[in-house]
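Asker: Our numbering puts the first residue of the sequence shown at -7, with every later residue one more than the last.
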Amino acid sequence: MRIRTAPLLLLLLALPAAAGAQAAAAGAPPTAAEILARVDANEAFGTVSYTGTMEIDLGKRTLVKEMKSVAEGAGKAFVEFTNPEDRGVRYLKIAKDLWMYFPGEQETVKISGHLLKEGMMGSDVSYEDALESDTLSDKYAIEVIGSEQVDGRACWVLDLRARVRNVPYERQKLWIDAERFIALKGEMYAKSGKLLKESRTLEVRQFGVRWLAVAVRIQDKLRKGNGTVFSMKEIEFDVKLPADQFSLRQLGR
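(1) For glutamine 242, does the three-state DSSP call read helix, strand or coil?
(2) Cβ of serine 139 within 8 Å of Cβ of alanine 170?
(3) Is arginine 215 buried or exposed, if buried means 16 or more other CB atoms sit within 10 Å of its CB?
(4) Measure from the alpha carbon of lysine 248 to the alpha carbon of each residue in Arg79, Thr39 and Thr193, then state which is nearest.
(5) Which ranges does the beta strand (DSSP E) cover as unbroken runs of at least 3 residues, wholly within the segment 85 to 173, from first to last along the chain?
(6) What residues in its chain sit with their C-beta under 7 Å from that of lysine 109, if we drop five residues either side in the sequence?
(7) Mapping DSSP to helix, strand and coil, what is leucine 28?
(8) Helix, strand or coil: how does DSSP classify methionine -7 here?
(9) If arginine 30 sits next to phenylalanine 238, beta carbons under 8 Å apart, how far is it from one beta carbon to the other, in whole angstroms?
(10) Compare the Cα-Cα distances from isoleucine 103 to each of Tyr83, Glu97, Gly114 and Pro95 and report the closest residue.
(11) Measure the C-alpha to C-alpha separation of arginine -4 and proline 95 and round it to an integer number of angstroms.
(12) Report the rounded CA-to-CA distance for glycine 144 versus alanine 175, giving the unit in angstroms.
(13) Would you check if the segment 41 to 59 and the segment 216 to 236 touch, i.e. whether three or more CB-CB distances between them fall below 8 Å?
(14) In the structure shown, what three-state DSSP assignment does aspartate 78 receive?
(15) Would the beta-carbon of valine 142 fall within 8 Å of that of lysine 177?
(16) Does the Cβ-Cβ distance between glutamate 58 and asparagine 75 come in under 8 Å?
(17) Can you tell me whether DSSP reads aspartate 236 as helix, strand or coil?
(18) Going by DSSP, name the residue or residues bridged to glycine 250.
(19) Quick one: using the 10 Å Cβ neighbour count with 16 as the cut-off for buried, is glutamate 228 buried or exposed?
(20) Helix, strand or coil for aspartate 212 per DSSP?
(21) Thinking C-beta only, is tryptophan 167 closer than 8 Å to valine 156?
(22) So glycine 185 and tyrosine 93 are supposed to be a Cβ contact under 8 Å. How far apart are they, rounded?
(23) Assuming contact is defined by CB atoms lying nearer than 8 Å, are valine 136 and isoleucine 210 in contact in what I supplied?
(24) In terms of residues, what are the limits of the beta strand (DSSP E) holding leucine 50?
(25) Kindly indicate which three-state DSSP category threonine 39 falls into: helix, strand or coil?
(26) Output yes or no for whether 8 Å exceeds the beta carbon distance between valine 206 and arginine 192.
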């Protein structure tokens, strides 16, 4: 299972409602592997395009960023900002690599090292978060620890404990909608147990048999403000893209 965060690829998709509803009604909680398999099965897509906004609450002021984005699977994404202050700033993600293009300087920079800890465009989402695309079960020991309500919806609560060193969070908790199989809430913790970040799904829409979180708030608990709200609209799946869409040449065009 991959929980992907805004704005490079925030697609938390789910199975038809019937499967989850039947499991809950039977009173037999599914295993963590079964839950993650249901989520994984619905995160699969070819290509997608959308326009989006980031509203970054800094406490005394709010920044609004607008963007258009295309992605292919979990490994490739291209984002271009369109709001006046950031017009022409672009990001390219290929697997674990991330580049940023600055139109004023006509310069391309690879984001690496300590820069990965920084907030993307000043948001609550770090570059490290944006690059995360590995399967959670590869890095975490996961178990179902109960069920709770989130915004009036029944959810399975998953507890994730790191079993490798190279993870941004030592522990995570996820609340997965038991009917639609999307993440409605997430908490990310440090090794000390300190809450570092929290995510909340604010709006969900159905696309055919799939559900998509189209508005999500990410809040960095170590900084001021009420978090970053990422919203998507004009979403299209299986779009045709140029052969060189995910290339450094296209990034610096």
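C-beta: ideal position from N, C-alpha, C; glycine also. Small disclaimer: the values here were computed from a predicted structure and weren't measured.
Answerer: Inspection of the coordinates gives the following:
(1) One-based indexing of the sequence shown puts residue 242 at position 250. Note: glutamine 242 maps to helix in three-state DSSP.
(2) The count along the sequence shown starts at 1 and reaches residue 139 at position 147. The count along the sequence shown starts at 1 and reaches residue 170 at position 178. Against a cut-off of 8 Å, the Cβ pair of alanine 170 and serine 139 comes out as a contact.
(3) Taking the sequence shown and counting its residues from 1, one reaches residue 215 at position 223. That one is exposed.
(4) This structure cannot speak to residue 248, because the chain is shown only from -7 to 245.
(5) 89 to 94, 99 to 102, 132 to 142, 145 to 154 and 163 to 169
(6) Walking along the sequence shown from the start, residue 109 turns up at place 117. The answer, listed in chain order, is Ser118 and Glu120.
(7) For this step, residue 28 is matched to residue 36 along the sequence shown. Reduced to three states, the DSSP call for leucine 28 is helix.
(8) The count along the sequence shown starts at 1 and reaches residue -7 at position 1. Because the pLDDT of methionine -7 is 45, which lies under 50, any placement of that residue in the model is unreliable, and the number read from its coordinates should be weighed accordingly. DSSP places methionine -7 in coil when its eight states are reduced to three.
(9) One-based indexing of the sequence shown puts residue 30 at position 38. One-based indexing of the sequence shown puts residue 238 at position 246. Actually they do not touch by this definition, with Cβ atoms about 29 Å apart.
(10) Position 111 of the sequence shown, counted from the first residue, corresponds to residue 103. Comparing Cα positions, the closest option is Tyr83.
(11) Start at 1 with the first residue of the sequence shown, and residue -4 comes out as number 4. Start at 1 with the first residue of the sequence shown, and residue 95 comes out as number 103. In this prediction, arginine -4 has a pLDDT of 40, which is less than 50 and means its spatial position is unreliable; nothing more can be read from the coordinates.
(12) Reading the sequence shown from its first residue, position 152 is the one you call residue 144. Reading the sequence shown from its first residue, position 183 is the one you call residue 175. One C-alpha to the other measures close to 14 Å.
(13) yes
(14) Here residue 78 refers to the residue found at position 86 when the sequence shown is read from its first residue. Aspartate 78: helix per DSSP, three-state reduction.
(15) By 1-based counting over the sequence shown, the position of residue 142 is 150. By 1-based counting over the sequence shown, the position of residue 177 is 185. Going by C-beta atoms, valine 142 is nearer than 8 Å to lysine 177.
(16) Taking the first residue of the sequence shown as 1, we reach residue 58 at position 66. Taking the first residue of the sequence shown as 1, we reach residue 75 at position 83. Cβ distance < 8 Å, so glutamate 58 and asparagine 75 count as in contact.
(17) Translated into positions along the sequence shown, residue 236 becomes position 244. Aspartate 236 falls in the coil class under three-state DSSP.
(18) An answer regarding residue 250 cannot be provided, because it is not within the stretch -7 to 245 covered by the chain.
(19) By one-based count along the sequence shown, residue 228 stands at place 236. With fewer than 16 Cβ atoms within 10 Å of its Cβ, glutamate 228 is classed as exposed.
(20) Against the sequence shown, residue 212 aligns to sequence position 220. Three-state result, aspartate 212: strand.
(21) Position 164 of the sequence shown, counted from the first residue, corresponds to residue 156. Position 175 of the sequence shown, counted from the first residue, corresponds to residue 167. In this structure, tryptophan 167 does not lie closer than 8 Å to valine 156 by Cβ.
(22) As a first step, residue 185 is located in the sequence shown; it is residue number 193 there, counting from the start. As a first step, residue 93 is located in the sequence shown; it is residue number 101 there, counting from the start. Incorrect: roughly 39 Å between the Cβ atoms, too far for contact.
(23) Residue numbering aside, residue 136 sits at position 144 when the sequence shown is read from its first letter. Residue numbering aside, residue 210 sits at position 218 when the sequence shown is read from its first letter. Taking 8 Å as the Cβ cut-off, valine 136 and isoleucine 210 do not qualify as a contacting pair.
(24) Working through the sequence shown from its first residue, we reach residue 50 at position 58. Segment: none, leucine 50 is in no beta strand (DSSP E) and carries neither H nor E.
(25) Against the sequence shown, residue 39 aligns to sequence position 47. Strand.
(26) For the purposes of this step, residue 206 is identified with residue 214 of the sequence shown, where counting begins at 1. For the purposes of this step, residue 192 is identified with residue 200 of the sequence shown, where counting begins at 1. No; because the gap between Cβ atoms is not below 8 Å, this pair is not in contact.
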